[in-house]
Amino acid sequence: MHKRLFLHATALAICGLAATNAIAQSNTFKIGLILPMTGQQASTGRQIEAAAKLYMAQNGDTVAGKKVELIVKDDTSVPDVTKRLAQELIVNNKVNVLAGFGITPSALATAPLATQSKTPLVVMAAATSSITEASPYVVRTSFTLPQASVALGDWAPKNGIKKVVTLVSDYGPGIDAEKYFKERFIFNGGQVPESLRVPLRGPDFAPFLQKVRDLKPDALFVFVPSGAGAAVMKQFLERGMDKAGIKLIGTGDLTDDDQLNDMGDGALGVVTSHHYSAAHPSPLNQKFVDAFKKANPGLRPNFMAVGGYDGMRVIYEALKTSKGQGGGDGLLAAMKGQIFESPRGPMFIDAQTRDVVQNIYLRKVEKKDGQLYNIEFDVIKDVKDPGKAK
Amino acid sequence: MLTILFDGIAYGMLLFILSVGLAVTMGLMNFINLAHGAFAMVGGYITVLLMQKMGVPFLLCLPLAFIGSALLGGVLERTLYRPLYHKPHLDQVLFSIGLTFMAVACADYFIGSSQQIVQLPEWLKGRTEIGEGALMLGMGHYRVFIIVVCAALTVGLQYVLTKTRFGSQLRASVDDQRVAAGMGINVNMIFLGTFAVGSGLAGLGGALGAEVLGLEPTFALKYMTYFLIVVAVGGTSSITGPLLAALLLGIADVAGKYYIPKLGGFIVYSLMILILIWRPQGLFVRKGGK
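Note that the protein sequences, when read in sequence, are chains A and B.
Every letter in the first sequence is one number past the one before it in this note's numbering, and letter 112, counting from 1, is 112.
Here this note's numbering = 1-based position in the second sequence + 1000.
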């Protein structure tokens, strides 16, 4: 009997709480930011959180008469956890937007929830092409790997690189990078004698690199998640592959701004293609980098940070345009088709695919003011994700 | 060909140093210490932090990593491990795995979860090549260094265990604690010393391995499987067993990834299954040994 009484009391209390929540809610706009804050991908989470907070600090936390509240959750890069957190955020916290998503499996696991609850899901990091197809509520502000790798497939044959071995981590983004680089490179007359896929958790690259060395290609194309890039580069040099005349090329994850300085001078001259470099020469980027460094001493913004920063902008602008009317669908409609100047350069949210269209830059690692930077030397304008072309 | 063999041997030697401490605690002291990887991680972080923050030279970091992890091992042995010596193995497993998770969380909290990068001194960075074509032997200097250090340690350990008074006392204490104590052997001190050295070796392995294996907070868990495979395949009654097992696994792993990249990491597991079907007690078990 007592037990039942207790249950009733609890139920009443919960109802009461929910009611106060509902009152408070009408004036707040909640963004549920799910990121890997611990574990292997934690640098992604740290960068995006810092950038999102920077955006809010610069643009105020009141938009269209509503107070913006950022709820940060750590999913430790485990898709099941991401999904559970998303569910909690939607049901308990009644968030208006879900955002973040460090890795592809996390974004894919959560996409059905976005569809069911009609909550826009802003992907700020995960970069497999197919994510935006998983739900009509997904909007992406990072990049896709086909976008980044195709540019290199065009550049390499024009610069004396005819034979390339690819080495990618064996998961969604890696396979995307391998497929689209290879297709474009072979189309341009190049040869790919071998494509190596390394296990995501197999960190000694020695045997794979030895194989590459014995195949003697003109260059090695690498995609590994940011963080592992430094290990690849070190072992590449240790094996004397640069001296054997093999060039190292890859998508920008390889020379991630977050780690580039620790890689040492061996990284000089590595050519990568990507959508963002902390050294992008525009006044807007200069301002962004300075503010970011000031707010986070010892940290340099990388491509993850810019994905988070622009993601916040897309959400803010959508809220402004829709004035908080129309719920999730209204917000989504206002996100589609946004065109604006980002620290990375001009970008555009394609209304059909909800994916980002942006410039892809070719960069080379150089020394500037005693630090290593990816210095842009060429640009391919307005690249749409090639994965969506079909 | 030869290069692959060489890389495999270096990798195996590294696995051996990382696991030999575990073989000692498990085989000789009869304690299942799954937190062994955490001690290795401590050694790795000591090296990285000393080098990055205080500019201590790499060679000096190695003994410091050994001493640091050994001290930590000694303190934990006195405070946490000793009460568990007579508890069932399941309790030991649960306790030590809990300790591992705590170590992972601590490293994450205090140092951050990104990969730590070790900057080796110049003279360890190069590479020497001998021969031509299929028989070419390319030796990274750092890997040569690993092989030399590990070989020296193996010889030293084997000598201590079989030829010295301490070794005899240790073996006596393990076989029958009460009798050994009755003979005037200070069993507690012997166990303390052994556990500390085992942890120290793990720490040294972590310091040497940070360059090759990468160092981040999940290190303690990531390599646990490898330590356990080495100990399971090699048996725990001697140190030659784990040595040969580690070499075998190292070579198989590297060669497998080179020749059949599609199968990659599975080679090691298949090999372990086959060996354990053939000899469930491990490859090199003395008849009548404990």
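By construction, the Cβ of each residue, glycine as well, lies at the ideal position given by its N, Cα and C atoms.
Every value quoted in this text rests on a predicted model; they were computed, and no experiment measured them.
Under the DSSP assignment, B:GLY1167 falls in the alpha helix (DSSP H) whose first and last residues are 1165-1175. Taking a cut-off of 8 Å on C-beta distances, the segment 1066-1074 of chain B does not touch the segment 1135-1144 of chain B, as fewer than three cross pairs fall below it. Listed along chain A is no residue with a C-beta nearer than 7 Å to that of B:VAL1149; the closest approach is about 17 Å. Against chain B, the beta carbon of A:GLU238 has neighbours under 8 Å at LYS1125, ARG1127, GLY1140, TYR1142, listed in chain order.
For A:ALA351, the secondary structure class from DSSP, reduced to helix, strand or coil, is coil. Burial check for A:GLY190: the Cβ neighbour count within 10 Å reaches 16 or more, so the residue is buried. The beta-carbon distance between B:TYR1258 and A:LYS211, rounded to whole angstroms, is 5 Å. This is short enough to meet the 8 Å contact definition. Around B:THR1047, the same chain offers PHE1058, CYS1061, LEU1062, LEU1064, ALA1065, VAL1118, GLY1206, ALA1207, ALA1210 as residues with beta carbons nearer than 8 Å, after the five sequence neighbours per side are excluded.
When the five nearest sequence neighbours on each side are left out, the beta carbons in the same chain lying within less than 8 Å of the beta carbon of B:PHE1006 are those of LEU1137, GLY1138, MET1139, ARG1143, in order along the chain. Neighbours of A:ALA230 across chain B, judged by C-beta separation under 8 Å: GLN1115, ILE1117. Annotation: the continuous beta strand (DSSP E) that includes B:MET1139 extends over 1137-1140. Taking a cut-off of 8 Å for Cβ pairs, the segment 162-176 of chain A and the segment 271-281 of chain A do not touch, as fewer than three such pairs fall below it. In this structure, the straight-line span from the alpha carbon of B:CYS1106 to that of A:LYS323 is close to 45 Å. Within 10 angstroms of the beta-carbon of B:ASP1091 lie fewer than 16 other beta-carbons, which makes it exposed.
Closer than 9 Å at the C-beta level to chain A, one finds these residues of the segment 1206-1222 of chain B: GLU1211, VAL1212, LEU1213, GLY1214, GLU1216, PRO1217, THR1218, LYS1222. The beta-carbon of B:GLY1098 is placed no less than 8 Å from the nearest beta-carbon of chain A. Residue environment analysis places A:PHE340 among the exposed positions, since fewer than 16 neighbouring C-beta atoms fall within 10 angstroms of its C-beta.
Using beta-carbon distances, B:LYS1257 counts as an interface residue toward chain A, with a partner under 8 Å. Contact with chain A is absent for B:THR1047, since none of that chain's Cβ atoms lies less than 8 Å from the residue's Cβ.
Here B:SER1168 is exposed. Its C-beta has fewer than 16 other C-beta atoms within 10 Å. Residues of chain A with a Cβ closer than 8 Å to the Cβ of B:ASP1175 do not exist; the shortest Cβ-Cβ separation is about 39 Å.
Taken in chain order, the members of the segment 1221-1250 of chain B whose beta-carbon sits within less than 8 Å of a beta-carbon on chain A are LYS1222.
In this model, A:LYS94 and A:ASP355 are separated by some 25 Å (Cα to Cα). Straight-line spacing of the CA atoms in A:THR76 and A:PHE223 works out to 22 Å. Your pair A:PRO217 and A:ASN188 does not check out as a contact, with CB atoms roughly 15 Å apart and the cut at 8 Å.
Residues of chain B with a Cβ closer than 7 Å to the Cβ of A:GLY337 do not exist; the shortest Cβ-Cβ separation is about 36 Å. One finds ASP204, ALA206 in chain A with Cβ atoms closer than 8 Å to the Cβ of B:TYR1011, taken in chain order. Within chain A, the residues whose beta carbon sits less than 9 Å from that of B:VAL1254 are ASP204, ALA206, PRO207, GLN210, listed in sequence order. Excluding residues up to 5 positions away in sequence, ALA148, ALA151, LEU152, ILE360, LEU362 lie with their Cβ nearer than 6 Å to the Cβ of A:SER273 in the same chain. For A:LYS294, the uninterrupted alpha helix (DSSP H) segment begins and ends at 283-295. Judged by their CB atoms, B:LEU1283 and B:ALA1252 are not nearer to each other than the 8 Å cut-off.
Of all alpha-carbon atoms in B:LEU1215, B:PRO1242, B:HIS1086, B:ILE1017, the one lying nearest the alpha-carbon of A:ALA231 is that of B:LEU1215. DSSP, read as helix, strand or coil, puts B:GLU1216 in coil.
With a contact defined as Cβ atoms closer than 8 Å, A:GLY269 and A:VAL365 qualify at about 6 Å. At a C-beta separation below 8 Å, A:LEU196 has these neighbours in chain B: PRO1261. Taking C-beta atoms as the reference points, A:LEU145 and A:ALA107 fail to come closer than 8 Å.
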